[in-house]
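Numbering (the numbering used here), first residue to last: 5 to 456.
Everything below concerns the one structure shown next.
As structure tokens, then:
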């Protein structure tokens with residue numbers, strides 16, 4: 005019986021795909037890898053080091069090229085010019101997001117407005133988040149960011165061999181305080197551990213073509229015992245992580261508020277506004293969602309960027325020396341502060357370059373065309389997928405007091421870029437070891453005396 009059901013579903017899927025293929029195949033698409041009938045480029049889609057594969061195709065096919073996976077059209081954008089033309093000048097048509105059934109519906113990531121379809125729900129979430137974290141309001145969290153950075157300096161002084169753990173704790177502590185008002189001790193990094201697992205599960209499911217249910221959403225109703233429906237079991241396990249990541253720290257912040265132990269943070273500030281306005285239950289759900297997204301993204305992306313910082317400083321000692329010379333001129337006898345940023349253009353530029361060199365999400369978040377469009381003579385059908393404070397203060401403080409060097413031996417020849425990072429599809433520096441050495445006795449005293 006199960007075999008008959010599976011065969012029937014397969015025939016239906018083949019028929020639907022064949023119809024889509026026949027209906028769309030005559031359109032004028034940009035160049036791209038030659039696909040197979042019905043399957044398109046399904047077998048060509050990379051599942052490791054995706055960014056490198058897409059870059060290789062870009063060299064061959066140009067600044068915009070086309071892929072097709074089981075009837076879904078994917079346009080890869082490779083230049084700022086094309087991205088600006090489509091996502092800025094035609095933003096009304098390209099502000100939508102792909103509705104990824106696996107991630108949004110089955111894994112519980114529908115709370116994230118970074119993945120929501122463009123509409124009133126997205127606007128409500130975006131307005132709450134951006135209104136609070138507008139430029140003028142960010143400075144209110146500088147003390148938290150600076151204090152957490154000082155804790156990092158002490159940790160690196162005591163046990164530099166645990167660099168990765170220290171950076172994870174830095175961001176878990178800073179982001180949890182900013183979003184939820186709760187300081188996190190090292191022995192209580194449970195929130196960050198869950199966020200790490202949930203984020204990894206989400207990125208594993210994010211690559212186009214990974215799960216057939218994203219191409220044929222009707223499969224979300226298939227029971228887990230059906231052949232080929234093992235994704236249901238995975239989704240159930242991953243959804244538990246997603247909900248715990250979003251709900252656990254939010255509930256902790258609510259308890260701390262009742263007990264009077266919570267600090268000023270995103271949740272308390274917005275809660276105060278909602279209470280004053282007499283908001284309904286839906287608005288508190290938006291608050292919970294926005295806090296969850298800020299927490300998940302902040303912990304993951306910033307700690308990864310800081311790991312890339314150490315890797316870059318180790319590989320480019322001349323850059324490290326020039327940044328330290330600038331810091332010595334500006335911050336003689338003290339640690340840097342946010343007010344020093346205008347006087348530290350080289351350090352500021354180093355942080356900006358870091359976001360390009362060690363980019364965390366080389367593929368970005370896919371955009372979706374809401375209406376059929378034509379660009380440079382190429383058809384872009386509706387539904388097609390279109391694939392910038394903490395770092396500054398941390399980078400400047402680390403450069404002010406430490407020298408980052410490679411261990412003797414393995415780095416005599418600088419590795420190729422693709423050998424430095426893993427891509428899944430976000431990029432992470434491949435685990436490495438380095439020497440983190442205080443620049444002198446005065447720097448050691450500086451760390452010890454500057455701790456809060």
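Each residue gets a CB set at the ideal place from its N, CA and C atoms; glycine is no exception.
Q) With 16 other CB atoms within 10 Å as the buried threshold, where does residue 435 fall? A) One-based indexing of the chain shown puts residue 435 at position 431. With fewer than 16 Cβ atoms within 10 Å of its Cβ, residue 435 is classed as exposed.
Q | Inter-residue spacing [alpha-carbon to alpha-carbon] between residue 200 and residue 31 | A | Residue mapping note: residue 200 aligns to position 196 of the chain shown, counting from 1. Residue mapping note: residue 31 aligns to position 27 of the chain shown, counting from 1. Straight across, the Cα-Cα distance linking residue 200 with residue 31 is about 42 Å.
Q: Measuring alpha carbon to alpha carbon, tell me which of 452, 203 and 174 ends up nearest residue 245.
A: One-based indexing of the chain shown puts residue 245 at position 241. That would be 203, whose Cα lies nearest to the Cα of residue 245.
Q. For the beta strand (DSSP E) that residue 168 lies in, which residues bound it at each end?
A. To locate residue 168, count along the chain shown from 1; it is residue 164. From DSSP, residue 168 is part of no beta strand (DSSP E) but of the alpha helix (DSSP H) over 167-184.
**Q.** Distance, residue 396 Cα to residue 143 Cα
**A.** Position 139 of the chain shown holds residue 143. Position 392 of the chain shown holds residue 396. Near 13 Å, if we compare the C-alpha coordinates of residue 396 and residue 143.
Q) Just the Cα atoms here: how many angstroms apart are residue 305 and residue 398? A) The sequence position of residue 305 within the chain shown is 301, counting from 1. The sequence position of residue 398 within the chain shown is 394, counting from 1. If you take the alpha carbons of residue 305 and residue 398, they lie about 14 Å apart.
(Q) Under 8 Å: do the segment 288-302 and the segment 103-118 share three or more Cβ pairs, one atom per stretch? (A) Yes, the segment 288-302 touches the segment 103-118.
Q) Roughly how many whole angstroms lie between the Cα atoms of residue 175 and residue 39? A) Position 171 of the chain shown, counted from the first residue, corresponds to residue 175. Position 35 of the chain shown, counted from the first residue, corresponds to residue 39. Distance between residue 175 and residue 39, taken at the CA atoms: about 43 Å.
**Q.** Element boundaries [beta strand (DSSP E), containing residue 407]
**A.** Here the question's residue 407 lines up with position 403 in the chain shown. Run containing residue 407: 406-410, per the beta strand (DSSP E) assignment.
Q | the segment 277-294 / the segment 330-342 touching (three or more Cβ pairs under 8 Å) | A | Taking a contact to require three or more Cβ pairs closer than 8 Å, the segment 277-294 and the segment 330-342 do not qualify as touching.
Q) With DSSP run on the structure shown, which of helix, strand or coil describes residue 203? A) Along the chain shown, one-based indexing puts residue 203 at 199. In the structure shown, residue 203 sits in a helix (DSSP, three-state: H, G or I).
Q: Report yes or no: do three or more beta-carbon pairs, one from the segment 151-168 and one from the segment 444-455, lie closer than 8 Å?
A: Short answer: they touch.
Q) Excluding sequence positions up to five away, which residues of its chain have a Cβ less than 6 Å from the Cβ of residue 279? A) Stepping through the chain shown from its first residue, residue 279 is reached at position 275. Same-chain partners within the cutoff: there are none.
Q | Residue from 151, 42, 94 and 85 with nearest C-alpha to residue 71 | A | Taking the first residue of the chain shown as 1, we reach residue 71 at position 67. Each of 151, 42, 94 and 85 was checked against the Cα of residue 71, and the nearest Cα belongs to 42.
Q. Secondary structure at residue 391, three-state DSSP: helix, strand or coil?
A. Here residue 391 corresponds to residue number 387 of the chain shown, with the count starting at 1. Its pLDDT being 41, under 50, residue 391 is placed unreliably by the model, and the measurement read from it follows with that caveat. For residue 391, the three-state secondary structure derived from DSSP is coil.
(Q) Quick check on residue 72: does DSSP put it in helix, strand or coil? (A) Start at 1 with the first residue of the chain shown, and residue 72 comes out as number 68. Three-state result, residue 72: strand.
Q | One or two residues paired with residue 354 in a DSSP bridge | A | In the chain shown, counting from the first residue as 1, residue 354 sits at position 350. Per the DSSP secondary-structure output, residue 354 pairs with nothing in a beta bridge.
Q.
Going residue by residue through the segment 208-288, where are the continuous alpha helix (DSSP H) segments of at least 4 residues, counting only ones entirely within it?
A. Fully enclosed alpha helix (DSSP H) runs of no fewer than 4 residues occupy 235-263 and 270-281 of the segment 208-288, in order along the chain.
(Q) Judging by CA-CA distance, which residue of 340, 108 and 68 is the nearest neighbour of residue 205? (A) Position 201 of the chain shown, counted from the start, is the residue given in the question as residue 205. Among 340, 108 and 68, the Cα nearest to that of residue 205 belongs to 108.
Q) How is residue 452 classed by DSSP in three states: helix, strand or coil? A) If you number the chain shown from 1, residue 452 lands on position 448. Three-state DSSP puts residue 452 in a helix.
Q. Between which two residues does the alpha helix (DSSP H) harbouring residue 152 extend?
A. Indexing the chain shown from 1 puts residue 152 at position 148. Note, residue 152: alpha helix (DSSP H), 146-162.
(Q) I need the boundaries of the alpha helix (DSSP H) containing residue 84, first residue and last residue. (A) Here residue 84 refers to the residue found at position 80 when the chain shown is read from its first residue. That run of the alpha helix (DSSP H) goes 84-87.
Q: Let me know if residue 172 comes out buried or exposed under the rule of 16 or more other beta-carbons within 10 Å of its beta-carbon.
A: Residue mapping note: residue 172 aligns to position 168 of the chain shown, counting from 1. So residue 172 counts as buried.
Q: Could you please give the first and the last residue of the uninterrupted beta strand (DSSP E) stretch that includes residue 511?
A: Within the shown structure, residues of the chain are numbered from 5 to 456, placing residue 511 beyond reach of any answer.
Q | Per-residue burial, residue 84 [other beta carbons within 10 Å of its own, 16 or more giving buried] | A | Counting from 1 along the chain shown, the entry for residue 84 is found at position 80. Flag for residue 84 reads exposed.
**Q.** Euclidean distance between Cα positions of residue 131 and residue 242
**A.** Locating residue 131 in the chain shown gives position 127, where the first residue counts as 1. Locating residue 242 in the chain shown gives position 238, where the first residue counts as 1. Between residue 131 and residue 242, the alpha-carbon positions lie close to 28 Å from each other.
Q) Taking just the CA atoms, how far does residue 50 sit from residue 37? A) Counted from its first residue, the chain shown places residue 37 at position 33. Counted from its first residue, the chain shown places residue 50 at position 46. Going by C-alpha positions, residue 37 is about 13 Å away from residue 50.
Q) Is the beta carbon of residue 35 sitting closer than 7 Å to the one on residue 68? A) Stepping through the chain shown from its first residue, residue 35 is reached at position 31. Stepping through the chain shown from its first residue, residue 68 is reached at position 64. No, these two residues do not count as a Cβ contact at 7 Å.
Q | Extent of the continuous alpha helix (DSSP H) run through residue 133 | A | Taking the first residue of the chain shown as 1, we reach residue 133 at position 129. Segment 124-136, the alpha helix (DSSP H) holding residue 133.
Q.
Looking at the strands, I want to know which residues DSSP matches up with residue 107.
A. What you label residue 107 is simply residue 103 of the chain shown in a count that begins at 1. Partner(s): none; residue 107 has no beta bridge.
Q: Determine the extent of the beta strand (DSSP E) in which residue 439 is found, giving its start and end residues.
A: If you number the chain shown from 1, residue 439 lands on position 435. DSSP places residue 439 inside the beta strand (DSSP E), whose first and last residues are 438-442.
Q: Compare the Cα-Cα distances from residue 221 to each of 74, 157 and 47 and report the closest residue.
A: Numbered from 1 along the chain shown, position 217 holds the residue referred to as residue 221. Considering only alpha carbons, the answer is 74.
**Q.** residue 121 to residue 323 span [Cα, whole Å]
**A.** Translated into positions along the chain shown, residue 121 becomes position 117. Translated into positions along the chain shown, residue 323 becomes position 319. CA-CA distance, residue 121 to residue 323, rounds to 42 Å.
Q: Report the residue from 61, 403 and 338 whose alpha carbon sits nearest the alpha carbon of residue 355.
A: Here residue 355 refers to the residue found at position 351 of the chain shown. Nearest C-alpha to residue 355: 403.
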